[in-house]
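Protein sequence lines, in the order shown, are assigned to chains A and C.
With the numbering used here as the guide, the letters of the first sequence map in order to residues 1 to 174.
With the numbering used here as the guide, the letters of the second sequence map in order to residues 1 to 366.
Each residue gets a CB set at the ideal place from its N, CA and C atoms; glycine is no exception.
This report refers to the structure that appears directly beneath it.
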Amino acid sequence: MKCEVCRKREATVAYTYIIDNEQQMLQLCSVCVAAQKGAESVGTQQASKIVAKPKIEPQSVDQKELAPCPRCGMTYEAFRKGGRFGCHGCYEAFAAQLAWLMKQIHGAVGHCGKPRVERRERVDPEEELSRLRQQLQNAVVVEAYEKAAELRDRIRALEGLAKIAPVAEKAIER
Amino acid sequence: MTLSEVIHQAPGWLNGAQDQQGMVISCRARLARNLETAPFPSRATAAERDKVIEQVCGAARYSRRLQAAIFLPIESLDNNTRQALVERHLISPALADSQGQRAVLFECDESLGVMINEEDHLRLQAMAPGLQAEEVWRQVGALDDELGAGLNYAHSQRWGYLTACPTNTGTGLRISLLIHLPALVLAEQMERVLRGLTQLSFTVRGFYGEGTQAVGNLFQVSNQVTLGLSEEAIVEGLVEVTGQLIGFERDAQEMLMTEAAAQVEDKAWRAFGLLSNARVLSSQEFMNLLSAVRLGCSLGLIKELNSGFMNQLMIVTQPFHLQSEAGSGELTPEERDIRRAALVRQRIAALRKDGPIGNPEGSEAA
């Protein structure tokens with residue numbers, strides 16, 4: 001029989017997956033199986049399937065009223081078809097529908113995990129190393145050996161276990 | 001380290017550690033991230049994609065974890081190499097087969113990597129042997145912190161990390177385990193188990209095969225929900241569910257041994273005999289035989305092989321790995337099947353020469 005997805009090639013594989021809490025089977029050709037394998041999880045299929053079912057979508061928001069995303073130009077219609085946003089701006093553009101969509105997919109209405117990793121001023125490793133070495137010298141001089149040991153470890157990590165000034169090292173080992 | 005060396009090494013995440021008596025082969029944590037500076041890859045122009053690659057590489061330069069990373073622009077690789085990387089789980093089939101500028105950065109030991117311009121700008125991943133979900137989350141989270149400090153991640157208060165597909169929004173975290181459930185399959189319990197898992201919001205995928213549903217009785221279990229839960233909760237949930245799965249499999253194995261010990265032992269040893277001696281092995285047959293031998297090992301019936309050895313075998317017998325071993329000249333499927341059998345024979349023979357129990361890191365063929 002012909003592959004149920006492309007309808008061109010012969011089906012050679014019975015591909016089992018789960019969608020909407022039911023086990024489904026598709027007769028697929030090897031090319032379409034490879035494409036299915038590419039989908040990170042069955043979840044991506046669920047997104048398109050849910051979004052493509054107009055019956056369960058709330059009537060309160062008329063899709064035609066949703067303007068396309070100003071950043072990338074994607075329309076809500078295009079999103080529904082492909083199951084993918086075009087850019088992060090789409091989240092704002094389609095905000096009216098997102099609460100409903102996310103509830104369907106995740107059963108949740110907001111993020112409660114890791115906050116955004118903030119951008120930091122990057123320090124040149126060489127600068128950082130000489131700064132740390134200076135701090136190490138100072139720590140040894142004032143006999144703050146615990147601090148000195150900590151600095152030594154950080155220096156080592158940055159250098160990849162290169163040797164530090166023998167004097168300072170001996171001082172710490174004492 | 002050269003790419004060829006990578007393809008021939010035994011990656012740490014396959015060494016069989018922490019495998020819960022041979023049941024959990026490996027685990028993986030993946031984070032989806034995007035930059036504010038460009039549309040998502042499918043809608044980005046060539047120039048924008050290039051810029052993303054440049055920015056990610058810039059951030060990676062300051063990352064301790066990617067110190068000795070290998071950088072590969074996918075477009076410049078031939079198909080054989082791309083598919084070999086897919087077989088090693090270093091890149092996804094999507095990254096290999098899609099168009100446009102895209103790349104991968106990965107640590108030499110293959111435990112840590114970043115895909116650039118797949119479905120999202122960045123897909124970070126960490127892999128480890130056995131059931132080490134907390135560890136892979138820790139690793140990938142640390143890499144995320146390092147890279148994020150040099151990039152402008154797209155993130156909103158309400159929706160968390162913004163991804164191309166809404167099924168990844170929020171944490172962007174997908175944790176998955178590769179688990180071996182032969183007794184549950186034999187006992188025809190898998191359908192019930194799958195249903196239960198889906199109701200708990202876990203996705204289960206089998207490895208495909210000709211006409212069968214799960215080749216080698218291997219399943220990939222992963223979380224489905226990425227929003228509304230903290231990353232720790234997601235990890236905890238998966239660990240708990242895995243504990244239950246392992247319990248079910250153990251019960252099913254016990255039942256098998258109570259009712260059909262001789263048949264199970266026979267099946268395992270016959271499989272071992274075939275693997276040790278066959279001259280032609282299709283990948284389908286190889287996976288099925290390996291599964292029977294794995295079950296034999298889990299039950300303590302076969303002591304000759306260990307998980308690390310079998311895991312490594314699973315990787316090197318894949319089509320593009322065999323092709324890379326053969327060098328030039330495209331192998332026909334028949335030639336591949338012959339080479340597969342020869343490779344398996346060689347490795348088992350070498351293992352036997354070195355002693356009944358190979359080292360935990362897995363054996364290399366002589």
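Shortest Cα-Cα distance from P182(C) to any of A252(C), R192(C) and L351(C) involves A252(C). DSSP places R336(C) in the uninterrupted alpha helix (DSSP H) bounded by P333 to D354.
Ranked by how close their Cα comes to the Cα of E87(C), the residues Q21(C), R339(C), Q323(C) and R195(C) have Q323(C) in first place.
Within the same chain, V215 and G216 come within 6 Å of M287(C) by CB-CB distance, once the 5 residues on both sides are set aside. Beta-carbon to beta-carbon, A341(C) and L281(C) are separated by about 4 Å, close enough to satisfy the 8 Å threshold. M115(C): member of the beta strand (DSSP E) spanning L112 to I116, first to last residue.
Distance from the CA atom of S298(C) to the CA atom of M255(C), rounded to whole angstroms, is 14 Å. In the DSSP annotation of this structure, C87(A) is not part of any alpha helix (DSSP H), being labelled neither H nor E. Relative to the Cα of Q9(C), the nearest Cα in the group D19(C), C108(C) and L245(C) belongs to C108(C). Flagged as an interface residue toward chain A: T167(C), by a C-beta distance shorter than 8 Å. Listed in chain order, the positions of the segment 39-56 of chain C with a beta carbon within less than 8 Å of a beta carbon of chain A are P39, F40, S42 and R43.
Here the alpha carbon of I338(C) sits roughly 6 Å from the alpha carbon of R279(C). The straight-line gap separating the alpha-carbon atoms of L200(C) and A292(C) is approximately 29 Å. In this structure, the beta-carbon distance from C32(A) to R43(C) does not fall below 8 Å. Interface residue (Cβ-Cβ distance to chain A less than 8 Å): A326(C) is not classified as such. Less than 8 Å separates the beta-carbon of W13(C) from that of S111(C). Taking C-beta separations shorter than 7 Å and ignoring five residues to either side along the sequence, the partners of L162(C) in its chain run N34, A154, H155, S156 and T169, following chain order. Here G22(C) is near R294(C), since their CB atoms are less than 8 Å apart. At a beta-carbon threshold of 7 Å, the residues of chain C lying near K114(A) are T171 and E231, ordered along the chain.
The Cβ neighbour count for D144(C), taken over all protein chains shown within 10 Å, is at least 16; the residue is labelled buried.
Within the model, the alpha-carbon separation for R65(C) versus L3(C) is close to 19 Å. The C-beta of A108(A) comes closer than 8 Å to at least one C-beta of chain C. Using a Cβ-Cβ cut-off of 8 Å, I155(A) does not count as an interface residue toward chain C, since no Cβ of chain C sits closer than that to its own.
Secondary structure in the segment 116-154 of chain A: the alpha helix (DSSP H) runs of 4 residues or longer, each lying completely within the stretch, are 125-141 in chain order.
When C-alpha distances from Q224(C) are compared across C165(C), A262(C), R270(C) and I53(C), the shortest belongs to C165(C). In summary, M310(C) is buried, with 16 or more beta-carbon neighbours lying within 10 Å of its beta-carbon over all protein chains present. By the Cβ criterion, the segment 129-139 of chain C is not in contact with the segment 189-196 of chain C, since fewer than three pairs of Cβ atoms, one from each stretch, lie closer than 8 Å. A Cβ of chain A is located within less than 8 Å of the beta carbon of W159(C). Taking all protein chains shown into account, M115(C) has 16 or more neighbouring C-beta atoms within 10 Å of its C-beta and is therefore buried. Secondary structure at Q125(C): strand, using DSSP grouped into helix, strand and coil.
Under the 10 Å beta carbon count, E10(A) is surrounded by fewer than 16 other beta carbons and is classified as exposed.
Interface flag for C32(A) against chain C is unset, since no Cβ pair is found closer than 8 Å. Cα atoms of A94(C) and R345(C): separation of roughly 33 Å, rounded to the nearest angstrom. With contacts defined as CB atoms closer than 8 Å, R152(A) and L136(A) qualify as a contacting pair. Nearest neighbour of I91(C) by Cα position, chosen from G113(C), S76(C), N80(C) and N79(C), turns out to be G113(C).
Three or more beta-carbon pairs separated by less than 8 Å link the segment 115-124 of chain C to the segment 39-53 of chain C, which places the two stretches in contact.
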